[in-house]
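Asks: Residue numbers (the numbering used here), protein chains in the order written: chain A, 1 to 231; chain B, 1 to 73; chain C, 1 to 245; chain D, 1 to 210.
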Amino acid sequence: MSVPQLSVSAFLRASLKRQLLLAYRRPADTLNPLLFFLLVVTLFPLGIGPEPAQLAEFAPGILWIVALLASLMAAEGMFRQDYEDGSLEQLLLSPQPLYLASLTYTAAHWLVTGLPLTLLSPLFATMLQLPVAALPVLILSMLLGTAVLSLVGSIGAALTVSLKRGGMLISLIIVPLYIPVLIFAAGAVRFAAEGFDPAPQLLLLAGMLSLAVALAPFAISAGLRISVDAG
Amino acid sequence: MYFDSLQAALAMDGHGVYVWAVVAASVVICVGLLVLPARSARRFIAELRVDDAPEPRAAPSVRIEEVNNASGS
Amino acid sequence: MWTWFHKLGSPPWMYRISGRILAILLPLTVLMLAVGAVWGLLYAPMDFKQGNSFRIIYFHVPASVVALAGYYVMAIAGAVSLIWRMKMAEVAMKCAAPVGAALTFLSLLSGAIWGKPTWGTYWVWDARITSMLILFFLYLGVMALYQAYENKEAAGKACAVLSLVGMVNIPIIYKSVDWWYSLHQPATIKFTEESAMHSSMLQPLLLMILAFYCLFTCALLLNMRSELLRRGAGTGWVRSLVGAH
Amino acid sequence: MSSAQPAAASALVTVRELGLERGGRLLLDNLDLDIAGHELVLIEGPNGSGKTTLLRSLAGLSRLGLTGSITRHCDELLYLGHRAGIKQLLTPRENLAWACRSQGWDAGAIDSALERVGLSGRADVFCQHLSAGQQRRVNLARLYLSFDAGRENALWLLDEPFTAIDRDGVAALAATMAEQVARGGAVVLTSHQDLPLDIPLRRLVLGGGA
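1. What did DSSP end up calling glycine 209 (chain D) once you bin it into helix, strand or coil?
2. Under 9 angstroms Cβ-Cβ, which residues of chain C neighbour leucine 64 (chain D)?
3. Answer yes or no: does any C-beta atom of chain D fall closer than 9 angstroms to that of alanine 144 (chain C)?
4. Quick one: is alanine 23 (chain C) near chain A, going by C-beta distance under 9 angstroms?
5. Kindly indicate which residue of A:Ser162, A:Ile48, A:Ile220 and A:Ala70 has the alpha-carbon position closest to the one of serine 121 (chain A).
6. Here's the rule I'm using: 16 or more other beta-carbon atoms within 10 Å means buried, otherwise exposed. How should isoleucine 179 (chain A) be labelled?
7. Quick one, which of A:Ile226, A:Val213 and A:Val137 has its alpha-carbon nearest alanine 199 (chain A)'s?
8. Measuring alpha carbon to alpha carbon, tell me which residue in D:Ala11, D:Arg22, D:Gly150 and D:Arg16 is nearest glutamate 150 (chain C).
9. Using a Cβ cut-off of 9 angstroms (strictly closer), state whether arginine 93 (chain D) contacts chain A.
10. Sort D:Gly121, D:Gln193, D:Leu89 and D:Gly104 by Cα distance to glutamine 128 (chain D) and report the nearest one.
11. Give me the DSSP bridge partner(s) of leucine 31 (chain D).
12. Could you tell me which residues DSSP pairs with tryptophan 156 (chain D) in its beta bridges?
13. Cβ of arginine 225 (chain A) less than 9 angstroms from any chain D Cβ?
14. Using only alpha-carbon positions, find the residue among A:Gly61, A:Gly47 and A:Ala10 that is nearest to phenylalanine 191 (chain A).
15. Can you tell me which of D:Lys87, D:Thr71, D:Leu78 and D:Thr53 puts its alpha carbon nearest to the alpha carbon of glutamine 180 (chain D)?
16. Of all Cβ atoms in chain A, is any one closer than 9 angstroms to the Cβ of tyrosine 144 (chain D)?
17. Taking a Cβ distance cut-off of 8 angstroms, strictly less, list which residues of the stretch 196-209 of chain D are near chain B, in chain order.
18. Helix, strand or coil: how does DSSP classify isoleucine 70 (chain D) here?
19. Taking DSSP as the reference, what is the three-state secondary structure of valine 62 (chain B)?
20. Does arginine 230 (chain C) come within less than 9 angstroms of chain B when only Cβ atoms are used?
21. So the beta strand (DSSP E) valine 41 (chain D) belongs to, where does it begin and stop?
22. So for leucine 89 (chain D), helix, strand or coil by DSSP?
23. Residues in its own chain within less than 7 angstroms of valine 73 (chain C) by CB, not counting five upstream and five downstream?
24. Would you grab the beta carbon distance between alanine 193 (chain A) and leucine 117 (chain A) for me? Rounded to a whole angstrom, and I think it's under 8 angstroms.
25. Distance check for glutamine 19 (chain A) and phenylalanine 126 (chain D), CA to CA, integer angstroms please.
26. Any beta carbon from chain B within less than 9 angstroms of glycine 50 (chain D)'s own beta carbon?
27. Could you round the C-beta distance between methionine 32 (chain C) and cysteine 214 (chain C) to whole angstroms and report it? I think they count as a contact, below 8 angstroms.
28. By alpha-carbon positions, which one of A:Ala188, A:Glu84, A:Leu98 and A:Val181 ends up nearest to alanine 134 (chain A)?
29. For serine 2 (chain A), which three-state DSSP category applies?
30. In terms of DSSP beta bridges, what is valine 67 (chain B) paired with?
31. Going along chain D, which residues have a C-beta under 9 angstroms from glutamate 66 (chain B)?
32. My assumption, with CB atoms under 8 angstroms, is that phenylalanine 124 (chain A) sits in contact with valine 41 (chain A). Please give the rounded CB distance.
33. Do leucine 207 (chain C) and alanine 92 (chain C) count as a contact pair if the criterion is CB distance below 9 angstroms?
34. Under 9 angstroms between C-beta atoms, does proline 247 (chain C) make it to chain B?
35. Less than 9 angstroms between CB atoms is the rule here; does serine 162 (chain A) satisfy it with respect to chain C?
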């Protein structure tokens, strides 16, 4: 009668690998946010006008607003698949800590949506004539900011996964919580573009990230338990 | 009173329309906050008195039986 | 000592107690509102910079202050209902949301109307008003989430979690909006700078703020009474109550 | 219902004054129940009488509308519900490997578990290509993994385990359940068919609330 040697770290690695494997086998979920980003970025010059000076001025704000919307769109379906096929139930029944297990979902979501957005953001930035000097800060702000967006988005996803029309609702309850990230991230990129020092904003973003990493899993776990129970 | 006449109080030298608009909105919202819940409670009690007999809730029953041989066959 | 805590949880006891509180607090609130309004509108001296339009402050500031406090009341009630599984706390949270949202709306409306004479436009992206707008979205989010769940017990738990997340975020939102606002218009004065107010202007404002707190309490208790009746429709105490009326 | 006596010594699940209400209907009221090791409990009753809700409450998945208390003291909890709980885009082996990581079972036993549910040939096919019945058997393979792990104080909660299984599958499952009970585990299940088991059984018949 072996006593269960539950190695949490092995379980977390396995969970993350599983999520990434699933994402790999369903590439559409990875490409959609990127295509959405590209699509919406191309709308702005058509709407505002192609003059570089004007575009450059709005570029930080546009890039970050579109990143926010792309992350929100991707967050909505984060738990839906697992909820419908019953594997979310099995996760809740597992002796493994849900606090950490839910983080693997968020980490996988970030790796699949946040990171690609970050890596491609210089491409979108040049399309919007963002000064090259601001590119490194853009990447850094995207790295930190999209992680916070994923964590907060997971809370919204966990709370609305059992609802039939959860899509519209998740934006209403989550976008207000995205606002501080938008303000400081877009601010950092604008400061860099205008030659000021973006360090304070980036540090605040990092602060938000550490707060979100510490607190979000409590809300995500509670949300998942409520949703599975209510389903 | 700060204003010397009713007209002056209404006009508030030009700003009156805005101030009294806010006052009107505040009155509407404050009265609404106090009256609406009370009215819905009264209407609910009235409805309740109409269908007085509560439909009997089926009492759940649980029987635990010790059976030494499960398979009926 | 704990009996009152458990009693707090029983609907009939709460219904009776809230009835007695309202009997005193309601008339007092109406009186304070009336006195404060008249005092602020007609007797307080005019602000030499902004003219009489500053009198809107007697409605805008109390609504804003209590709307923000209302969110904290809702979130704490949610926390109590989650941690100690108290039905009454969940009822309080559910009933606090619409009252808070209404006051936030009043704050936004009065802020917008104030903008016209002062800034020449109805919508000003002032730090305070922008934060109020976000607070309004937070309230709407909680109310929408509550409606979305069929099972009302699950709805209560989900909203408790959301309002707690909101409560943690409110200071962050306010600070980030302040920083954002100071970035763009550093020079102009803040709308609701009470610091330079003469005591004869300040006293009616404090009375109005107190009045609005009492208004929030009365509206919350009235809402809870109606909710308790609705939830206890089949039970005995409501039957006896109906018989008594 | 007996009054709330203290928890039995080796009780895996202690239920005190349990009340269950779902969809406005009172399914259960003031139920006291102790499920200890070496016990087989069958939950019966017409559809909608709360069998699944009771099982999910015992598993800890369902807390809404629950009054009274349910406390578990088991080292391992296995819950097989209506939904298979497996990922369509993963193979049975990948699904079960994750389950092993989660519960701390030995991954080496996956092949024998799949073989016992008659899926040894389909171990590396995407589950989306399996039939619904086969997918349920992948879920059932979890039960055999738990059996092989052989932990003491294991609590099995099985919702209609015999549906969509062929005759010898049923016999194998029944035998495994009997052995698990004999070894000290507790098995609680719901079922419409009568059980091909000849060991002592406690029958929990849910009546009203229909």
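For every residue, glycine included, the Cβ atom is placed at its ideal position computed from N, Cα and C.
For clarity, every value in this text was computed on a predicted model and none was experimentally measured.
Replies: Checking against the coordinates, here is how it stands:
1. Counted from its first residue, the fourth sequence places residue 209 (chain D) at position 209. Low per-residue confidence applies at glycine 209 (chain D): pLDDT is 45, beneath 50, and the placement is therefore not dependable enough to give any value.
2. Walking along the fourth sequence from the start, residue 64 (chain D) turns up at place 64. Asn151, Glu153, Ala154 and Lys157, listed in chain order.
3. In the third sequence, the residue the question calls residue 144 (chain C) occupies position 144. No, its Cβ sits nowhere closer than 9 angstroms to a Cβ of chain D.
4. Translated into positions along the third sequence, residue 23 (chain C) becomes position 23. Chain A contact via Cβ: absent.
5. Along the first sequence, read from residue 1 onward, the residue named residue 121 (chain A) stands at position 121. Of the candidates A:Ser162, A:Ile48, A:Ile220 and A:Ala70, the one whose C-alpha sits nearest the C-alpha of serine 121 (chain A) is A:Ala70.
6. Here residue 179 (chain A) corresponds to residue number 179 of the first sequence, with the count starting at 1. By the 10 Å Cβ count, isoleucine 179 (chain A) comes out buried.
7. The count along the first sequence starts at 1 and reaches residue 199 (chain A) at position 199. Comparing Cα-Cα distances from alanine 199 (chain A) to each of A:Ile226, A:Val213 and A:Val137, the minimum goes to A:Val137.
8. If you number the third sequence from 1, residue 150 (chain C) lands on position 150. Checking every option, the nearest Cα to that of glutamate 150 (chain C) belongs to D:Arg22.
9. The sequence position of residue 93 (chain D) within the fourth sequence is 93, counting from 1. No - not a single Cβ of chain A is within 9 angstroms of the one on arginine 93 (chain D).
10. Locating residue 128 (chain D) in the fourth sequence gives position 128, where the first residue counts as 1. Taking only the C-alpha atoms, the option nearest glutamine 128 (chain D) is D:Leu89.
11. On the fourth sequence, residue 31 (chain D) is found 31 positions in, with the first residue counted as 1. D:Leu18, per the DSSP bridge assignment.
12. Within the fourth sequence, residue 156 (chain D) is the residue found at index 156, counting from 1. Per DSSP, D:Leu78 and D:Val187.
13. On the first sequence, position 225 is the one that residue 225 (chain A) refers to. For arginine 225 (chain A), the answer is yes, since a Cβ of chain D falls inside 9 angstroms of its Cβ.
14. One-based indexing of the first sequence puts residue 191 (chain A) at position 191. Nearest option by C-alpha distance: A:Gly61.
15. Working through the fourth sequence from its first residue, we reach residue 180 (chain D) at position 180. If we check each option's Cα against that of glutamine 180 (chain D), D:Leu78 comes out closest.
16. Here residue 144 (chain D) is taken as the residue at index 144 of the fourth sequence, counted from 1. It does not: the Cβ of tyrosine 144 (chain D) has no partner Cβ on chain A nearer than 9 angstroms.
17. Pro196, Leu197, Asp198, Ile199, Pro200, Leu201, Arg202, Arg203, Leu204, Val205, Leu206, Gly207, Gly208 and Gly209
18. Taking the first residue of the fourth sequence as 1, we reach residue 70 (chain D) at position 70. Strand.
19. One-based indexing of the second sequence puts residue 62 (chain B) at position 62. In the structure shown, valine 62 (chain B) sits in a strand (DSSP, three-state: E or B).
20. As a position in the third sequence, residue 230 (chain C) is number 230, starting the count at 1. Yes - at least one Cβ of chain B is within 9 angstroms of the one on arginine 230 (chain C).
21. Walking along the fourth sequence from the start, residue 41 (chain D) turns up at place 41. 39-44 is the span of the beta strand (DSSP E), which, as asked, contains valine 41 (chain D).
22. For the purposes of this step, residue 89 (chain D) is identified with residue 89 of the fourth sequence, where counting begins at 1. Coil, per DSSP.
23. The residue given as residue 73 (chain C) occupies position 73 in the third sequence. Ala96, listed in sequence order.
24. One-based indexing of the first sequence puts residue 193 (chain A) at position 193. One-based indexing of the first sequence puts residue 117 (chain A) at position 117. Actually they are not in contact, since the Cβ atoms of alanine 193 (chain A) and leucine 117 (chain A) sit about 19 angstroms apart, beyond 8 angstroms.
25. Position 126 of the fourth sequence, counted from the first residue, corresponds to residue 126 (chain D). Position 19 of the first sequence, counted from the first residue, corresponds to residue 19 (chain A). Near 15 angstroms, if we compare the C-alpha coordinates of glutamine 19 (chain A) and phenylalanine 126 (chain D).
26. Here residue 50 (chain D) refers to the residue found at position 50 of the fourth sequence. It does: the Cβ of glycine 50 (chain D) has a partner Cβ on chain B nearer than 9 angstroms.
27. In the third sequence, the residue the question calls residue 32 (chain C) occupies position 32. In the third sequence, the residue the question calls residue 214 (chain C) occupies position 214. That belief holds up - the Cβ atoms of methionine 32 (chain C) and cysteine 214 (chain C) are roughly 6 angstroms apart, short of 8 angstroms.
28. The residue labelled residue 134 (chain A) in the question sits at position 134 within the first sequence. Nearest option by C-alpha distance: A:Ala188.
29. One-based indexing of the first sequence puts residue 2 (chain A) at position 2. With a pLDDT of only 46 at serine 2 (chain A), under the threshold of 50, the placement of this residue in the model should not be trusted; the figure read from the coordinates follows. Serine 2 (chain A): coil per DSSP, three-state reduction.
30. Here residue 67 (chain B) is taken as the residue at index 67 of the second sequence, counted from 1. Per DSSP, D:Leu201.
31. Residue mapping note: residue 66 (chain B) aligns to position 66 of the second sequence, counting from 1. Within 9 angstroms Cβ-Cβ: Pro200, Leu201, Arg202 and Arg203.
32. Locating residue 124 (chain A) in the first sequence gives position 124, where the first residue counts as 1. Locating residue 41 (chain A) in the first sequence gives position 41, where the first residue counts as 1. At roughly 5 angstroms, the Cβ-Cβ gap stays under 8 angstroms, so phenylalanine 124 (chain A) and valine 41 (chain A) are in contact.
33. To locate residue 92 (chain C), count along the third sequence from 1; it is residue 92. To locate residue 207 (chain C), count along the third sequence from 1; it is residue 207. Not closer than 9 angstroms, so no.
34. Because chain C spans 1 through 245 in this model, residue 247 (chain C) falls outside it and cannot be assessed.
35. Here residue 162 (chain A) corresponds to residue number 162 of the first sequence, with the count starting at 1. Answer yes: the Cβ-Cβ gap between serine 162 (chain A) and chain C drops below 9 angstroms somewhere.
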